[in-house]
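Since the structure comes first, as structure tokens, the remarks are kept for the end.
Residue numbers (my numbering): 107 to 537.
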């Protein structure tokens, strides 16, 4: 999302102006609990009240949260805005994919989901590359300005979404839909939703497929959390001219720590770190945008099965290399930042193809919940390794754990799908 780009390079710096590291970690845990716990209920809400209206509510919740950062002044107030952000993210995670899939089926065809979703995400990432740099500049003027800009842009996004069409299949835009009192088709009951989840996610072939992707996403998600400290560690061993962005950040961290008795959040450091991380994260966004843009073409050329195999091998190898060549961690950062932008459209296409209209958002939200839960053990492991051996070593440790988890799953669970047509036929889905 372009709006989030305003705050992505400076978010930690902003929060740590007021709170300690333990408090910051506690807030991250609060966000994770809200997001994971809210996935299925918010997906069910999207199935009951409509996709588009749920998406509007999501953007409003995130906008209110972002604007709340402008006035936070205590740990309790931070908890409130974190909860609001978690709810907003949960509201959109499954519903967005369900809305797009059904809209495409009414027009271009649902088989275009990966292509359209990938190109749409690419546009968002290219926009984020711009807002990331602007956010770093705004932070240098006033630390609250990036959040103000992000909140206003998110509200504008809510207004745009409110003008989009409802899906004829479920939200009442079609005369053929079975109408409820609001003019839309009635969604599944709570019991029906639970039955749907049990039938779709707890049985083959989606069960092992979702677990495979969850492990892969869990590793790269954990890795993303250690990019900044790993970049600092790598930059300390090379010429700063070779890594101008990361190197300047590392130098400022060291100078500030020496000059302030270990306190690394002095005013000069905040400005320098923000302006340095802006271009770095903008480059992440630009690379991810290019990869996401061609997600549909990559899937058409390789198929989902081979794409998953290739990506898993690339992640494992790129995460291992820094153990022998620390400077190679720079390439690892880009891999870690790009994987989900490539695979998420393909994964949502695959799950959508195997899910009926009623309960679609619930199923997609449940899948997102599994992804969130799977990330937890990888984050814990990376934290222990980073504390004992340094942040760069966390990446090889994550690679070893990934291989140890995926190999038995591949051997015993058959998580890799065949072609889309064969998969749908085997599940009795009409083509």
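Where a beta carbon is used, it is the ideal one built from N, C-alpha and C, also for glycine.
In three-state terms, what does DSSP make of residue 508?
-> As a working mapping, residue 508 is identified with position 402 in the chain shown. Here residue 508 sits in helix by DSSP.
Should residue 430 go down as buried or exposed, given a rule of 16 or more other Cβ atoms within 10 Å for buried?
-> For the purposes of this step, residue 430 is identified with residue 324 of the chain shown, where counting begins at 1. The residue is exposed, with fewer than 16 neighbouring Cβ atoms inside 10 Å.
Among the residues of its own chain, which have a CB less than 7 Å from the CB of residue 542, if the five just before and after it don't count?
-> The structure shown has nothing for residue 542, since the chain only spans 107 to 537.
Leaving out five residues on either side along the sequence, give the residues of the same chain with a beta carbon under 7 Å from the beta carbon of residue 405.
-> Residue mapping note: residue 405 aligns to position 299 of the chain shown, counting from 1. Hits under 7 Å: 220, 413 and 452.
Nearest to residue 336 by CA position, among 500, 153, 262 and 447, is which residue?
-> Indexing the chain shown from 1 puts residue 336 at position 230. Answer by Cα proximity: 500.
Of the residues 161, 330 and 128, which one's Cα is nearest the Cα of residue 485?
-> Against the chain shown, residue 485 aligns to sequence position 379. Minimum Cα distance to residue 485 is reached at 330.
In angstroms, rounded to a whole number, what distance separates the CA positions of residue 266 and residue 260?
-> Sequence index remark: in the chain shown, residue 266 carries index 160 (1-based). Sequence index remark: in the chain shown, residue 260 carries index 154 (1-based). Looking at the backbone, the Cα of residue 266 and that of residue 260 are separated by about 10 Å.
Simplified DSSP state of residue 337, which is helix, strand or coil | Taking the first residue of the chain shown as position 1, residue 337 is located at position 231. It is helical.
Would the beta-carbon of residue 254 fall within 8 Å of that of residue 176?
-> Stepping through the chain shown from its first residue, residue 254 is reached at position 148. Stepping through the chain shown from its first residue, residue 176 is reached at position 70. Taking the C-beta atoms as reference points, residue 176 is found nearer than 8 Å to residue 254.
Is DSSP giving residue 160 helix, strand or coil here?
-> Within the chain shown, numbered from 1, the residue matching residue 160 stands at position 54. Reduced to three states, the DSSP call for residue 160 is helix.
Contact with chain D by residue 428, beta-carbon distance below 8 Å = In the structure shown, chain D does not exist; there is a single protein chain.
In whole angstroms, what is the alpha-carbon distance linking residue 178 and residue 419?
-> By one-based count along the chain shown, residue 178 stands at place 72. By one-based count along the chain shown, residue 419 stands at place 313. Going from the Cα of residue 178 to the Cα of residue 419 covers about 43 Å.
Where in the segment 142-207 do unbroken runs of the alpha helix (DSSP H), each at least 4 residues long, occur, reported from the N-terminal end onward?
-> Qualifying alpha helix (DSSP H) stretches, in chain order: 157-174 and 181-199.
Top-ranked residue by Cα proximity to residue 426, from 415, 468, 507 and 400 | On the chain shown, residue 426 is found 320 positions in, with the first residue counted as 1. Ranking the options by Cα distance to residue 426, first place goes to 507.
Residues near residue 424 by beta carbon distance below 7 Å, same chain, minus five either side = In the chain shown, the residue the question calls residue 424 occupies position 318. The beta carbon of residue 424 sits closer than 7 Å to the beta carbons of 437, 438 and 441 from its chain, once the five residues preceding and following it are set aside; these are given in chain order.
Rounded straight-line distance, which links the Cα of residue 510 to that of residue 519 | Translated into positions along the chain shown, residue 519 becomes position 413. Translated into positions along the chain shown, residue 510 becomes position 404. Cα to Cα, residue 519 sits roughly 14 Å from residue 510.
DSSP on residue 460, reduced to helix/strand/coil?
-> Position 354 of the chain shown, counting from 1, holds the residue named residue 460. In the structure shown, residue 460 sits in coil (DSSP, three-state: anything other than H, G, I, E or B).
Quick check: the segment 222-234 against the segment 385-397, are there 3 or more CB pairs under 8 Å?
-> Contact holds: three or more Cβ-Cβ distances are below 8 Å.
Return the CA-CA distance between residue 201 and residue 457, expressed in angstroms with no decimal places.
-> Locating residue 201 in the chain shown gives position 95, counting from the first residue. Locating residue 457 in the chain shown gives position 351, counting from the first residue. When rounded, the distance between both Cα atoms is 13 Å.
When you compare each of 250, 488, 269 and 455 to residue 208 by their alpha carbons, which one comes out closest?
-> In the chain shown, counting from the first residue as 1, residue 208 sits at position 102. Residue nearest to residue 208 within the set 250, 488, 269 and 455 is 455 (criterion: CA-CA distance).
Rounded straight-line distance, which links the Cα of residue 163 to that of residue 195 = Looking up residue 195 in the chain shown gives position 89. Looking up residue 163 in the chain shown gives position 57. Roughly 10 Å between the two C-alpha positions.
When DSSP labels each residue in this structure, what does residue 357 get in the three-state scheme?
-> Walking along the chain shown from the start, residue 357 turns up at place 251. Residue placement at residue 357 cannot be trusted, given a pLDDT of 47 that sits under 50; what the coordinates show is reported in the next sentence. Judged by DSSP in its simplified three-state form, residue 357 adopts helix.
Can the beta-carbon of residue 144 be found less than 8 Å from the beta-carbon of residue 170?
-> For the purposes of this step, residue 144 is taken as residue 38 along the chain shown, with counting starting at 1. For the purposes of this step, residue 170 is taken as residue 64 along the chain shown, with counting starting at 1. The answer is no: Cβ separation not under 8 Å.
6 Å CB neighbourhood of residue 173 in its chain, flanking five on each side removed = For the purposes of this step, residue 173 is identified with residue 67 of the chain shown, where counting begins at 1. Around residue 173: 257.
N- and C-terminal bounds of the alpha helix (DSSP H) containing residue 239 = Position 133 of the chain shown, counting from 1, holds the residue named residue 239. For residue 239, the uninterrupted alpha helix (DSSP H) run begins and ends at 219-247, by DSSP.
Continuous alpha helix (DSSP H) stretch holding residue 405: start and end = Here residue 405 refers to the residue found at position 299 when the chain shown is read from its first residue. Residues 401-426.
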